[in-house]
Structure formats: structure tokens, C-alpha cells
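Numbering (the numbering used here), first residue to last: 1 to 508.
Virtual Cβ for every residue (Gly too), placed ideally from N, Cα, C.
No experiment lies behind these values; they were computed from the predicted model shown.
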């Protein structure tokens with residue numbers, strides 16, 4: 001009679017399970033909200049503030065090109081000096097339109113007045129000096145010194161306006177980084193608190209069950225203690241009343257769920273750490289401190305080369321060539337890094353296309369290299385429908401076939417074979433060449449970013465191509481590897497990768 005009105009064992013355990021379920025759902029919802037906030041913060045920083053800063057720098061460069069061209073034409077009167085002005089004017093129009101679109105977003109809207117001040121200063125410089133100066137020079141009356149001083153003052157005003165705009169965009173960038181860091185910290189604290197509550201709930205449920213169950217449940221208590229001691233592979237079983245059996249089943253279900261959740265959390269954490277590492281590496285390389293000085297170096301060294309080539313001694317021409325070549329290679333590296341970082345971050349709809357169409361697109365892009373080397377490219381096998389991003393997948397073929405053309409012995413015509421084979425629900429693609437080959441010990445290293453097996457003086461490139469291939473193939477749900485098996489041909493190199501075949505029927 002003293003037990004009248006008390007909950008049965010199964011009912012008490014149901015209450016505990018409900019509480020854990022609420023905590024789980026609350027944690028998932030809170031985590032989803034935090035992830036959404038993190039995504040918004042990252043999108044603001046990378047898709048709005050970052051492009052706005054880059055666009056402002058490009059617009060400033062356009063004005064500098066215009067000023068250079070006008071100054072050269074006014075001094076010499078030669079029309080060829082107007083070419084930088086025309087290019088700068090075209091770039092100015094394009095960058096102005098792009099920045100106007102970006103300034104509509106809330107994250108950079110406060111910088112719009114500074115942007116309008118830049119445009120106003122640019123208009124005053126153009127109407128007050130550039131157009132009159134050009135007209136005067138064409139009429140055979142070069143601008144007076146007073147007019148040139150006015151032009152210099154107007155352009156200094158434009159520089160100050162750009163400085164103000166960059167200052168505001170730098171503040172926006174710093175605010176965006178702080179917001180991103182704060183959101184990431186909040187997500188980490190939330191995950192830690194959720195894990196703590198989950199463990200705390202499990203321990204509380206274990207203690208509650210042990211105290212609530214009497215001697216007939218001793219066997220079940222022993223099984224639960226084994227699980228609590230770390231034997232997660234051991235299932236929980238019990239005999240007796242229905243309540244006891246139901247309790248054993250619920251405990252076993254909880255055990256499996258905890259293992260699954262812990263595995264999922266570890267996987268998410270590893271993916272996040274890898275993503276952050278790649279993002280930090282990219283942000284460091286492609287930051288403003290690298291791009292802006294390099295852009296200036298490239299611009300002015302190319303101007304020196306165009307203006308003074310053949311007028312100086314041979315050593316001077318060689319030095320200028322080295323400077324231009326180094327700047328171009330660094331710009332190529334930065335562009336490759338940008339493309340590498342966008343794979344998987346910039347999401348585009350996949351399309352169901354025949355694989356042959358993708359291969360043809362890649363071969364078209366490689367027309368120059370194929371004709372220059374007289375390469376023979378043979379495509380054999382089936383070309384079923386695959387659901388891919390055609391541009392990214394064409395880049396995979398372009399990189400692999402391009403490498404096959406590049407890494408060959410001198411005076412040897414490249415022989416390249418592209419073979420496709422359907423294996424169940426997957427399409428396997430093999431690209432074989434008869435070039436210099438790759439040692440088996442480097443089979444994994446070659447897919448790591450910036451890894452090179454040969455000096456750049458012998459074979460050009462940035463060391464990003466194969467890393468990008470792997471990232472694109474994995475983004476499409478496939479895998480890529482260097483064939484080192486017993487069936488691989490003895491000479492040359494064979495790369496293989498897989499893609500899921502599109503199983504969905506075309507919509508009529």
C-alpha cells in the first residue's frame with residue numbers, strides 16, 4: 001500500500017528518457033542556430049566585405065592607370081600613352097558597378113557614403129582636369145602649369161577619398177572577423193555544454209535506475225555497470241517482467257545512440273578543423289598585404305618592360321624580365337589558391353550531362369597545349385550521364401591531361417589515353433600517359449597542396465593542380481588515386497578516379 005500512486009519502473013524510466021530527448025532536441029536546435037549564425041558571419045566576411053575591399057583596391061588601381069595614361073599623353077602628346085587611360089576607364093566602370101551592388105548589403109552599407117565620395121572626387125578630377133587637358137593637348141596647346149597643379153590637387157583629393165573608404169572597409173573586415181570568432185567560440189561552448197549535459201543525463205539515469213530497481217533487477221544492474229565501465233560493444237539484455245525488458249531495451253538504445261552521437265561529433269569536429277586550417281592558409285596567402293604590393297610590382301615592372309625594352313643593356317632587360325616573370329608566377333599562384341578555396345564553398349547546381357561533353361570541354365581548353373606538343377589524346381569506353389558541376393569536372397580532366405602533356409621527355413610526342421568503365425553505380429575513369437612517371441612512394445604526397453616532385457625551372461606550375469583534382473572529385477562523392485597496382489602499365493603514369501552515375505531519369 002505504501003507504493004500506491006508511485007510510478008512503475010517503466011514509467012519512471014520513460015520520464016528520464018523524455019528529459020534526455022528534450023535535451024537532445026534542444027541541443028540540436030541550438031547547434032543548428034549557432035551553425036546558421038556562423039555561416040552568416042562567414043558569408044558576410046568572405047562574400048561581401050572581402051569582395052568590397054578587393055573591388056575598392058581594383059577601382060583605385062583603375063584610377064591610377066587613368067592618371068598614368070593622362071600624364072604620359074599630356075607630357076609627350078603621343079596617343080599610345082592613352083592606352084592605360086582607356087583600360088583604366090573601362091575597369092573603373094566595371095568595378096563601380098560591382099561595388100554598387102555590394103554596397104546594397106547590410107554588412108557594407110555604412111561604407112556607401114565613403115564610396116560615393118570617391119566617385120564624386122573622381123568626377124571632379126575628370127571634369128576639372130582630365131577632359132580639358134586631353135582636349136587642350138589634342139588641339140596643340142598643352143595644359144598650363146596651373147592646370148596641372150589643379151589636376152594634382154584633384155587627384156590627391158581622390159586618394160584621400162580612397163583612404164577613407166579603405167579605412168571604413170578595414171573596420172568592417174575587423175568587425176566581421178570578431179563576429180566570426182565570437183560565433184565560433186559560442187558554437188564550441190554550446191557543443192561542450194551539450195556534451196556535458198548529455199553525459200550528466202546519462203550518469204543521472206544510471207544512478208536513478210540502480211536505486212529504483214530491486215533484487216529481481218540485479219542482473220540488469222550488473223549489465224548496466226559493465227556498459228558504464230566502458231564496454232559499449234556489450235548489449236544490455238534482461239529477463240523478467242515487461243517493465244524490466246522494456247527498460248533493458250531502452251538502455252541498450254541509449255547506448256547505441258550515445259556511441260553514434262560521439263562518432264558524429266568527432267567527425268564534425270575533424271571536418272571543421274580541416275576546413276578552418278584550409279581557410280586560414282588561404283586567408284594568409286591571399287591577404288591584402290600580399291595582393292596589393294604584388295599588383296603594384298607587376299603593373300610597374302610591365303610598364304618598365306614595355307617602355308624600356310631594347311633601350312637598355314642586355315643585363316637590364318634580363319633583370320626586368322625576371323621581375324615580370326616572378327610577379328606573373330606569384331599572381332598565378334594566388335589565382336590557383338582562390339580557385340582551390342572556392343571548391344565546396346561556392347555551391348552551384350549539379351547538372352546531368354554526358355561525360356563525353358565534359359571531356360570535350362577540357363580538350364577544347366587544352367587546344368593550344370595539344371597542338372604545340374602534337375599530343376595524341378584517345379578517349380575510349382562508355383560515357384554515361386553523370387550529375388556534376390561541368391566546369392569543375394572539366395577542370396579535373398584539364399589538369400590531368402595537361403600534366404600528361406607537360407611531364408614528358410623532350411622531343412617525345414605525348415600519347416594519352418582516357419578510358420571509362422562502368423562498375424555498378426560508379427563510373428571509373430583512367431587517364432594514362434607514357435611520360436616520365438611517378439614513383440610509388442609519392443602516391444599520396446602528390447595530392448597534397450604545394451607538393452612538387454620536380455624543380456619549377458624544369459616543369460612549371462604551382463603545385464595545386466592535383467590537390468584541386470582530389471578536392472573536386474571528393475566534392476562530387478568520388479575518389480581519386482595514382483594507380484600503383486600490378487595491373488598498372490610499367491611505363492608512364494595512370495590516374496584513376498570514380499564518379500557516381502546519374503540514376504535519375506530525365507524530366508520530360
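Quiz prompt | Coarse secondary structure for residue 269, derived from DSSP in three states | solution = helix
Exercise. Keeping to the same chain, check which residues put their C-beta closer than 8 Å to that of residue 481; ignore five residues upstream and five downstream.
Key: 443, 495, 496, 497
Self-check item: Same chain, Cβ closer than 8 Å to residue 448, five either side skipped, listed in chain order
Solution: 467
Quiz item: In the DSSP assignment, what residue or residues form a beta bridge with residue 264?
Solution: DSSP lists no partner for residue 264.
Self-check item: Runs of alpha helix (DSSP H) wholly within the segment 364–413 (minimum 4 residues, chain order)
Solution: 367–373, 390–406
Quiz prompt | Environment of residue 374 [buried if 16+ CB atoms lie within 10 Å] | solution = exposed
Quiz prompt | Candidates 380, 438, 39, of which the one nearest residue 187 by Cα | solution = 39
Quiz item: In terms of residue numbering, what span does the alpha helix (DSSP H) encompassing residue 91 cover?
Solution: 83–102
Exercise. Tell me, please, which residues DSSP counts as bridged to residue 481.
Key: 496
Quiz item: Tell me, which residues are paired with residue 428 by DSSP?
Solution: 421, 498
Quiz item: With 16 other CB atoms within 10 Å as the buried threshold, where does residue 429 fall?
Solution: buried
Practice problem: Could you work out which residue in 18, 484, 500, 303 is closest to residue 250 when comparing CA atoms only? | Solution: 18
Quiz item: Is residue 433 buried or exposed, if buried means 16 or more other CB atoms sit within 10 Å of its CB?
Solution: buried
Exercise. Compare the Cα-Cα distances from residue 463 to each of 472, 59, 445, 473 and report the closest residue.
Key: 445
Self-check item: When 267, 476, 259 are compared against residue 352, the one with the closest alpha-carbon
Solution: 476
Quiz item: residue 491: buried (16+ other C-beta within 10 angstroms of its C-beta) or exposed?
Solution: exposed
Exercise. Measure the alpha-carbon distance for residue 50 versus residue 140 and round it to whole angstroms.
Key: 45 Å
Quiz item: Can you give the Cα-Cα distance for residue 194 and residue 92, rounded to whole angstroms?
Solution: 51 Å
Quiz item: Based on the DSSP output, what are the partners of residue 415 in its beta bridges?
Solution: 376
Quiz item: Quick one, are the C-beta atoms of residue 369 and residue 405 less than 9 Å apart?
Solution: yes
Exercise. Alpha carbon to alpha carbon, how far is residue 350 from residue 417? Give it in angstroms, no decimals.
Key: 27 Å
Quiz item: Sorted by chain position, which residues of the same chain lie with C-beta nearer than 6 Å to residue 431's C-beta, five sequence neighbours on each side aside?
Solution: 400, 418, 495
Quiz item: So what does DSSP say about residue 118, is it helix, strand or coil?
Solution: helix
Quiz prompt | Range of the contiguous beta strand (DSSP E) that encloses residue 351 | solution = 351–354
Quiz item: So the alpha helix (DSSP H) residue 70 belongs to, where does it begin and stop?
Solution: 50–76
Quiz item: Span of the alpha helix (DSSP H) holding residue 79?
Solution: No alpha helix (DSSP H) holds residue 79; DSSP gives it neither H nor E.
Quiz prompt | The alpha helix (DSSP H) enclosing residue 309, as first and last residue numbers | solution = No alpha helix (DSSP H) holds residue 309; DSSP gives it neither H nor E.
Quiz item: Under the rule that 16 or more other beta-carbon atoms within 10 Å means buried, what is residue 137, buried or exposed?
Solution: buried
Quiz item: What number of angstroms, rounded off, separates the C-alpha of residue 178 from the C-alpha of residue 171?
Solution: 10 Å
Quiz prompt | Collapsed DSSP secondary structure at residue 229 in the structure displayed | solution = coil
Exercise. Whole angstroms is fine: what's the gap from residue 185's alpha carbon to residue 105's?
Key: 25 Å
Self-check item: Rounded separation between residue 308 and residue 298 - CA only
Solution: 15 Å
Exercise. Assign residue 162 to buried or exposed, taking buried as 16 or more other Cβ atoms, counted over all protein chains shown, within 10 Å of its Cβ.
Key: buried
Self-check item: Boundaries of the alpha helix (DSSP H) in which residue 473 is found, first to last residue
Solution: 465–475
Quiz prompt | For residue 444, three-class secondary structure by DSSP | solution = coil
Self-check item: Contact belief for residue 158 with residue 63 at Cβ below 8 Å, rounded distance in angstroms
Solution: 6 Å
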